[in-house]
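Have a look at the structure below, then the notes.
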Amino acid sequence: MASISLSKSEKSYIQTSLTSTPPIRGDGRSLLDYRPIALEIGVVPLANGSVRLNIGKSTHEGAGGTEVLAAVKLEVEDVVNGDGVDGGRVVCSVSCSPAAYPHLSSNALDDLSYDMTTVLNQTLAHPSLRPSNLGILPKKKSWGLHLDLIVLADSGNVFDALFMAARAALWDTKVPVTRVVEYQAKKGGAVRQDDMDVEQESGLDTRQVSRAVDFELPDYWDEGETLAGQDRWPVCVTLNIVSPIYYLDATLQEEASTPLRLLLALSFPKTEAPTLKASRLLGPGEVELSQIKALVQDGEKHAGELFAALEAKLREEDVRRNQKARDRFILR
Amino acid sequence: MVDITIKKRSQTDAVVTQRKFFKKTARGKVIKVLRERYLRDDVPCGIQDCQACQGPGMLPSAGESAHPSFSTGHFVLPDTNVFLSQMDLMESNLFSPPTILLQTVLDEVRHRSLPLYNRLKALAKADDKRIWIFYNEYRSETAIIREEGETPNDRNDRGIRKATSWYQSHLPRGRSASPSHQPKVVLLTDDAANRRKAEAEGLAASSVRRYVEGMKDATQLLDVLVSVGDDAIEPTRAVAARSALYSEYLPTATVLAGVKSGQLHQGHFNANAYNYLEGSVNVPAFAKPILLVGRENMNRAVNGDVVAVEVFDETEWKAPADEVIDQESTLKNDDAEDSEEEGEGEEVLGQEKKALRSDEKARPPSEKQPTGRVVGIIKRNWRAYVCHIDTASLSTTLPTSLSQQTVFATPVSRLLPRIRLRTRQAPQLLAQKILVTIDRWPATARYPEGHFVRALGRAESKDAEQESLLLEFDVPYRPFGRAILACLPVEGEGWVVPPKSAAAPEWRDREDLRGLTICSIDPPGCQDIDDALHARQLPNGNIEAGVHIADVSHFVLPDNPMDSEAAARGTTVYLVDKRIDMLPSLLGTNLCSLRPHVERLAFSVIWELSPDAEIVNVRFTKSVIASKAAFTYDEAQLRKDDVHMRDELTQSIRLLNSLAIKLKAGRMAAGALNLASPEVKIHLDSSESSDPIEVEQKELRETNSLVEEFMLLANISVAKKIQDTFPQTAVLRRHLPPPRTNFEKLQDILKKRKGMTLDVSSSGALAASLDKCIDPKEPAFNTLVRIMATRCMLSAEYFCSGSVSRDTFGHYGLATPIYTHFTSPIRRYADVLAHRQLAASIAHAPLHPSLHSKSHVERVLDVVNRRHRMAQMAGRASVEFYVGLALKARGEREQGLVQEEAFVIRTFRNGLNVFVFKLGIEGLVMFKREIKFDVDNYTVTIPAELTGKSDATIAVFDKVTVNIEIEKDKNTQRGKVKMTLAKPVDSRNL
């Protein structure tokens, strides 16, 4: 699904230089190098979490590169009558800006957006990743987490960018603290005749009837608490396979000349072993099953490095946005 | 040129400069709201001659040096809680140190209590106060941001302290005085922790009590202080040991949840005027109101509070008591100082239990009402109440002492409980009417605790009574402020309609109707003439009739101070000897009033009517008229009836009259009700003394109905027009059909006592059956039934046409599908709105945007509806007061006994409720001895052994003769009408 078309000779030229020893890439990187990644969180003030991420912005011009904007919006959803799910749900959608793909027709653009949405939604909306603090009222109300991503510019490796932006936006997301309000009818002092009809509480009865009917915001100033399971949101590495080698972070031209790409989304929980959350093979090329295992192992290594780098940057952003901003305000 | 510096930040600073918060909407969604904050260096401090700010100032530069603790001068900077709990102190005119009001405080007050916020805003504008609002959140030096983990409260407290310290350091910059003579900025707060922190930062801080104690008017001001916090009035010793008298309220959140889930019911608490141990709450879930029996179940609700009620099982439902239980007589022995002690309490409770006993089995199940108890208060509607000090509660050992003592204040209204308050001025306040507010009602106290606000004057003096009446019904009566008077035409009294010319703005789109023979017909002494009429024969045999209404909307422009004031007042209030105007009197009684022989601006409705009074055509126009005469109803009647008079004016009146008769007949045929209310007229001897007075029933003449019919016609025509043009926001008036259950009791009484039936299936059927309720021996009987039927109905209300469904627009009493008020814009605000909408619908003037907004119109009409109701009650109370005075005067003239005929309208286990026709008053006849009471037949029987004669049975609708006395309650100095039976039996000894 290359988004630009190249002539056969160009493709062959790029492939040949990638497989030569030493390999040669258009921008002088080695095979496993990433382009510089820029990231800023909190760019959409009205969203509950947001990020702008750029891969490969040219240092001279301040432009170019793959650019993705991600924003998380939390909405109260009704479980009984609305489309909410008890305990909350995550919905991802990706839309591609026509400016990012000027040569595509609007139908093709829709198809492309749909493909990306499918990959992200299937991975991130999976029940195994659902944060535990999206519930508001058991069986009645819950938060619907809507993660919307826009591809503003594409110069290759858009899936890595999308997953990274998604992870950063979810990291930034604060869930407003809600308090459950309930009404429990008090049994009056008078003993009533119908007391015998009251069901005896029994250990066998596992139903949990909640009397909660509504919720309130105890501290409306507060942005809220972070999403639970922050560390589990996956990052993705794309292994671009030009047999016998593979390389990372392809540019558009490289992507167009690569017959096969392997997408690996990996999650690195703090206390558990890394897990593979999703994998996709894209492109017309072929790969032998025996190779896959080695590729996945390599992928895990690269993803781990990416994860650690992203983690460090996110923590730094947090400090910049809160502590440093406050200090600057006081010293102004 | 003033330099404006706005510091604009880059995106990265957003965290600091944007204030984000979440809001939960009524539908349960959560919205994130973002506010951008721009910080400035030129927010002025408000101190006069401040060199640094050079802004406008209203605080004296040296501060206030009268307070002994701060002899070098000081400014007061109160925190939020001071305004939340001590608003009466801040409003007192004895308390006027230069005050700095922070924006943080203002915002917090608004968030906590809207009524208090409105009072605070009014206070900040008051002329006799020196209050400066300092926008500390927008001044770059005083702005703060919330720290990680800081509660909103702590953040605000920190902001207040920061502003205090800024002021303190700002002061020297604007002046040259030496530092030792610097005025201080005193942080006024009752929060001890906050005070400690402030003192640690080197700021002056004081609690409210300590501050007030140092003032020279401390004695009077300390009474105004609300008793809160630890340093408040000493608690009664027994408090700690005693168990709670009432159950605690559920937490607010729980209550709201209960209401939402339908397990609790929310409604206004209505106390019962006849029985202080009973109250009711109207809720949509039940046809009948929920009954609350006994103190514990009423659980500290005060009349008017919005409460949450839990309904008991149906087996525990009760019928309302059929007995009159008077708080004063039952609780006579309750002592204010010791009322909390065990022993006394038991005795009182025993008495109350006795009072509450009722043989439930005797009551038919149909009378049972849903019964429940109050479990929470959703909104307190406490205000200042007019009270008397109960003499008996004064400590006997120190009757004239100035030391602080606890006394009972008895509210004038029978619907309210006694209020305990502590005062040093008790002896002076004895014979006075005083204003008292309730501060709190703890679960351990039988009575609410309150504090003294101010004295209104000697009881029964006219001024005190009048003011207390206005306060009691919440009528705004202050004179119009400067900003409002500035909206009047500059010519003042000298304003005239300019000569007709195309250039004059007054003449734009106005018809010249000065040539028409127009006259006005009003009650005698009417100064605000809002309507005038004319009629003339047209060549085609039809009749042209016109109603001309004062063009108030020409003078009262939307959204200026005068308009807002009029909207807030809602209506002019008529008391017997005073009128509280909605508009400044220059407009009401002069410029807008359609006086005779002068040119006035009018809004005219002109019909072409067929001789049978069918509308052929109607048009609306702004006009200039010159009324030819102003008649009273009597004069117009005489003129019409005098066959020798043949002038144009008289012809016009006759023509109008003939049409009115047909209009009325048409209306009656459509099912309009002929309602009655007990209206009496008070004759004042002279306007100054107004002492000896006479009461007379109002008489209605043909000309009354003439004016009424044409006003109705005008209102209906206008209502149709504005509803067509503005279907979403038209200002209309409706009268909902009463629920059938309201009539059940009256129907039953009529059937059992008189064998008459009342058909309430429609207004027409009701009108017809009311016409049949005639007792040939007793002409007044029909009126009595009409009065009682009227009481069963709902009251008419203004509404916004877009807010209710189309099929509920109808006016039940008038039997018209649509109605509005258009004809009295001088004295009703709804009419002003209707005028504006009509002017827009004939393309005379564009409609102000606010009248396109449904929510705005709804809000305004809510206020107007409330004011309207209050104004009616105030008027009635004023009449009652004068009837009382008249009775007293008559009693003195007639040596004691005043006897009048009265009808029995209700029977109780121990008394009768009677209605005295001639005086238009209701009264209670109580029996102290046992009598027989027949609930089903509405009779009481006074046994022979009590009177020495034969058994006397008295039933509802019976005519009796009563002795009427004005008795002064020994304890409260409250004048009270006391009635005893004179015929058929003398009940004075019973």
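Residue numbers (this note's numbering), protein chains in the order written: chain A, 1 to 332; chain B, 1001 to 1990.
We put the CB at the ideal spot given by N, CA and C, even for glycine.
{"query": "Mark C1800 of chain B as exposed unless 16 or more other C-beta atoms lie within 10 angstroms of its C-beta, in which case mark it buried.", "result": "buried"}
{"query": "Can you find the residues in the same chain that come closer than 6 Å, C-beta to C-beta, to G283 of chain A, ignoring five residues on each side of it along the sequence?", "result": "P259, L260, R261"}
{"query": "Within 10 angstroms of the Cβ of P1524 of chain B, are there 16 or more other Cβ atoms? Answer buried if so, exposed if not.", "result": "exposed"}
{"query": "In its own chain, which residues sit with a C-beta less than 8 Å from the C-beta of K1752 of chain B, not counting the 5 before and 5 after it?", "result": "D1936, N1937, Y1938"}
{"query": "What does D219 of chain A touch in chain B if you count any residue whose Cβ is under 7 Å from its own?", "result": "P1152"}
{"query": "Which of the residues in the stretch 1029-1043 of chain B, read from start to end, lie with their CB under 8 Å from any CB of chain A?", "result": "K1029, V1030, K1032, L1034"}
{"query": "For Y1819 of chain B, count neighbouring Cβ atoms within 10 angstroms of its own Cβ and tell me buried if that reaches 16, exposed if not.", "result": "buried"}
{"query": "Exposed or buried, R1446 of chain B, counting other C-beta atoms within 10 Å across all chains shown (16 or more means buried)?", "result": "buried"}
{"query": "To the nearest angstrom, report how far apart M1215 of chain B and L1120 of chain B are at their CA atoms.", "result": "22 Å"}
{"query": "At which residue ranges does the stretch 1428-1491 of chain B contain complete alpha helix (DSSP H) runs of 4 or more residues, listed in the order of the chain?", "result": "1462-1472, 1482-1485"}
{"query": "Which residues in chain B have a C-beta closer than 9 Å to the C-beta of F307 of chain A? List them in chain order.", "result": "What F307 of chain A touches in chain B: nothing, since even the nearest Cβ is about 26 Å away."}
{"query": "Should N322 of chain A be flagged as near chain B, meaning a C-beta pair shorter than 8 Å?", "result": "yes"}
{"query": "Exposed or buried, what is M1058 of chain B when buried is set at 16 or more other beta-carbons lying within 10 Å of its beta-carbon?", "result": "exposed"}
{"query": "With burial defined as no fewer than 16 other Cβ atoms inside 10 Å of the residue's Cβ, what is the status of Q1054 of chain B: buried or exposed?", "result": "exposed"}
{"query": "Name, please, each residue of chain B whose Cβ falls closer than 7 Å to the Cβ of L46 of chain A.", "result": "K1032, L1034"}
{"query": "Given this structure, state the Cα-to-Cα distance separating A1143 of chain B from I55 of chain A, to the nearest angstrom.", "result": "39 Å"}
{"query": "Is A942 of chain B close to chain A? Criterion is C-beta to C-beta, closer than 8 Å.", "result": "No statement about residue 942 of chain B is possible, as the shown extent of chain B runs from 1001 to 1990 and does not include it."}
{"query": "Could you check the C-alpha separation between H1735 of chain B and R1836 of chain B for me, to the nearest Å?", "result": "23 Å"}
{"query": "Using C-beta distances below 8 Å, list every residue in its chain close to A1567 of chain B, excluding the 5 sequence neighbours before and after it, in chain order.", "result": "Y1829, V1860, V1863, V1864"}
{"query": "Between which two residues does the alpha helix (DSSP H) carrying K958 of chain B extend?", "result": "Here chain B has residues from 1001 to 1990 only, and residue 958 of chain B is not among them."}
{"query": "Quick test of your reading: L1077 of chain B and L1188 of chain B, contact by CB under 8 Å. State the CB separation rounded to the nearest angstrom.", "result": "7 Å"}
{"query": "To the nearest angstrom, how far is it from the Cα of I1006 of chain B to the Cα of M1090 of chain B?", "result": "Summary for I1006 of chain B: the model assigns pLDDT 49, below 50, so the residue's position carries little reliability; its value from the coordinates is reported in the next sentence. Straight-line Cα distance between these residues: approximately 35 Å."}
{"query": "Determine the contact status of V1109 of chain B and D1079 of chain B, defining contact as a CB-CB distance below 8 Å.", "result": "no"}
{"query": "Name the residue from A:R315, A:G304, A:A273, A:G224 whose alpha carbon lies nearest to the alpha carbon of T1020 of chain B.", "result": "Looking at the sequence provided, one finds Lys at residue 1020 of chain B rather than Thr. Comparing Cα positions, the closest option is A:G224."}
{"query": "Along the stretch 84-105 of chain A, where does the CB come closer than 8 Å to a CB of chain B? Name the residues.", "result": "none"}
{"query": "Within 10 angstroms of the Cβ of S12 of chain A, are there 16 or more other Cβ atoms? Answer buried if so, exposed if not.", "result": "exposed"}
{"query": "At a Cβ cut of 9 Å, what residues of the stretch 1592-1611 of chain B count as close to chain A, listed as they run along the chain?", "result": "none"}
{"query": "Tell me whether I1047 of chain B is buried or exposed, calling it buried when 16 or more other Cβ atoms sit within 10 Å of its Cβ.", "result": "buried"}
{"query": "Alpha carbon to alpha carbon, what distance is there between F1933 of chain B and D1951 of chain B?", "result": "13 Å"}
{"query": "Which ranges does the alpha helix (DSSP H) cover as unbroken runs of at least 4 residues, wholly within the stretch 96-132 of chain A, from first to last along the chain?", "result": "106-124"}
{"query": "Taking the CB atoms as reference points, tell me whether H1844 of chain B and K1622 of chain B lie closer together than 8 Å.", "result": "yes"}
{"query": "Quick test of the definition: if touching needs 3 or more C-beta pairs under 8 Å, does the stretch 1256-1272 of chain B touch the stretch 1305-1312 of chain B?", "result": "yes"}
{"query": "Measure the CB-CB distance between D1771 of chain B and R1701 of chain B and report whether it falls below 8 Å.", "result": "no"}
{"query": "Report the neighbours of A1285 of chain B on chain A: residues whose CB is nearer than 8 Å to its CB, in chain order.", "result": "Near A1285 of chain B there are no residues of chain A at all, since even the closest Cβ is about 15 Å away, more than 8 Å."}
{"query": "Looking at chain A, is there any beta carbon in it that lies within less than 8 Å of the beta carbon of T1104 of chain B?", "result": "no"}
{"query": "Please list the partners that Q1018 of chain B has in chain A, where partner means a Cβ-to-Cβ separation under 7 Å.", "result": "P45"}
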